[in-house]
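In what follows, a single structure is set out as structure tokens and then discussed.
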Amino acid sequence: MLLNQIVNEPQKALIYLERYVNNGSPSGFTKINQTAYETSPLSDREFFYLDLLCMDDLVETIGILPDFFEEFGHEVIFIHPDMSKMYKKKNYNTKKSRIRVCPMSSFRTVKFLDFPGYAKLNYNGIIGRIDRSLTDKHVYSSLEMTNFLKGALRKGIYHNLSFFPESGAKLYKSEKDDINIGMVYREEKAFGDKVNEIKYILPMFSLFAHDRNRQDDFLLIQLIRESGKNPEEYFLNDLIFNIIDNYFKLLLNEGIQPEWHAQNLLLGIDNHHSIVSLIMRDLESIDIDQTLQESIGNCTNFKSYPYKYLNSRQYNYQIKHSFMYDFKIGEYVFNPIIKCATECFKLNKN
């Protein structure tokens, strides 16, 4: 994809980047375990319709949801069409809707086409390597981390960091029927110091991915050329050191450890093609380090506890930290950036 296409139509381009300028996970599982073709971001289908799960019992509404949710009533949850057959077997009432959505890179997160925002849907099955069921612990974690991050970013020390708030959710849980189904609403405008300077948004994975439908230069190459900056300065200061700085600020000042692989991290770009903000998403995947929080006096008391909590008494405490930084960021973000720098700009790897 060409950079000027993104500048001219940023919303349309972001959907295209999510779906088609995306090499998938280096693990290779992206192409193995997918949703149905009709709902896959890798398909040529422009959109699909959400289904509705209609419950007689009270569905819990958590946080704040947009007004259009009210049209469907309080006892309705948006569900992925792939799940309807499973729920019908359990004699649950499912219906088709006219809500058009487009699948994003994670397959189970969708963009509303006629309303603002995104929906992260429950998916009882494997997508990639992981079961993507979205339960009460994921719902509470998403909303609680949203409020926590808003407080952190108001401190004034995260000038070039923002995130997509996950501000509302629906949840139906019944121990009697062994069912635990959630859905999270994600806002499409980021929260952070410099969000009003953002002209367009690029997923991290799209910087060094091939366009499935075209043969253009990597977006990272186009971005550096258009910015007019020295390539080495751009790779080091604007990207790599920027990521390291904000990652360890969150870890050491807030006691939280984000999962910044190339799907969960995006770039907010201004009119001069400069990176004005790193943008975080998928907040439920953030670890909470109790040991660090106790040392800085910044303890959380999340309802989702003990989900995603770490402490130094765990046998794999260091392994979990290494997994997030050395593997998720190192292998999925830094390695492809360095590869692009050395192969496309002939920079010294060391």
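Going by this note's numbering, the first residue of the sequence shown is number 55, and it counts up by one from there. Glycine included, each C-beta is placed from N, C-alpha and C at the ideal position. Note that the structure is a prediction, hence the values are computed from the model and not measured.
{"Asked": "Based on DSSP bridge pairs, tell me the residues matched to G236.", "Found": "L225"}
{"Asked": "Counting C-beta neighbours from all protein chains within 10 Å, is the total for I333 16 or more, i.e. buried, or is it exposed?", "Found": "buried"}
{"Asked": "Quick one: is E229 buried, meaning 16 or more other Cβ sit within 10 Å of its Cβ, or exposed?", "Found": "exposed"}
{"Asked": "Between the Cα of M137 and the Cα atoms of D111, I180, F122 and H128, which residue gives the shortest distance?", "Found": "I180"}
{"Asked": "Indicate whether Y103 and S160 have their beta-carbon atoms separated by less than 8 Å.", "Found": "no"}
{"Asked": "Starting from the N-terminal side, write out each stretch of the alpha helix (DSSP H) that is 4 residues or longer and does not extend beyond the region 302-366.", "Found": "344-350"}
{"Asked": "Just reading off the beta strand (DSSP E) that V193 is part of, what are its end residues?", "Found": "V193 -> not in any beta strand (DSSP E); alpha helix (DSSP H) instead, spanning D190 to L207."}
{"Asked": "Roughly how many angstroms lie between the CA atoms of V193 and K400, to the nearest whole one?", "Found": "45 Å"}
{"Asked": "Could you give the DSSP three-state label for G179: helix, strand or coil?", "Found": "strand"}
{"Asked": "Measure the C-alpha to C-alpha separation of G351 and S358 and round it to an integer number of angstroms.", "Found": "20 Å"}
{"Asked": "Tell me which residue opens and which closes the alpha helix (DSSP H) that P390 is part of.", "Found": "N389 to C398"}
{"Asked": "If you draw a straight line from the alpha carbon of Y288 to that of H326, how long is it in whole angstroms?", "Found": "13 Å"}
{"Asked": "So what does DSSP say about N300, is it helix, strand or coil?", "Found": "helix"}
{"Asked": "Between the alpha carbons of V330 and F123, how many angstroms are there, rounded?", "Found": "33 Å"}
{"Asked": "Using CA coordinates, which residue listed in D324, S339, F259 and E286 is at the minimum distance from P390?", "Found": "F259"}
{"Asked": "Thinking just about the alpha-carbon of each residue, which of A67, D380 and S339 is nearest to the one in I184?", "Found": "S339"}
{"Asked": "If you pair each beta-carbon of the region 353-368 with each one of the region 287-306, do three or more pairs fall below 8 Å?", "Found": "no"}
{"Asked": "Considering only residues of the same chain and omitting the five flanking positions on each side of L119, which have a CB-CB separation below 6 Å?", "Found": "G222 and Y239"}
{"Asked": "Going by DSSP, what residues sit across from S147 in a beta bridge?", "Found": "In the sequence on display, residue 147 carries Asn and not Ser. DSSP, once it has assigned bridges, lists C108 as partnering N147."}
{"Asked": "Do D190 and L225 have their C-beta atoms closer together than 8 Å?", "Found": "yes"}
{"Asked": "Beta-carbon within less than 8 Å of K149's beta-carbon, same chain only, minus the 5 sequence neighbours each way: which residues are those?", "Found": "D105, L106 and C108"}
{"Asked": "Short of 8 Å in beta carbon distance, which residues of its chain neighbour A90, apart from the five on each side in sequence? Order them along the chain.", "Found": "P135 and D136"}
{"Asked": "Compute the distance between the beta-carbons of S366 and S328, then report whether it is under 8 Å.", "Found": "no"}
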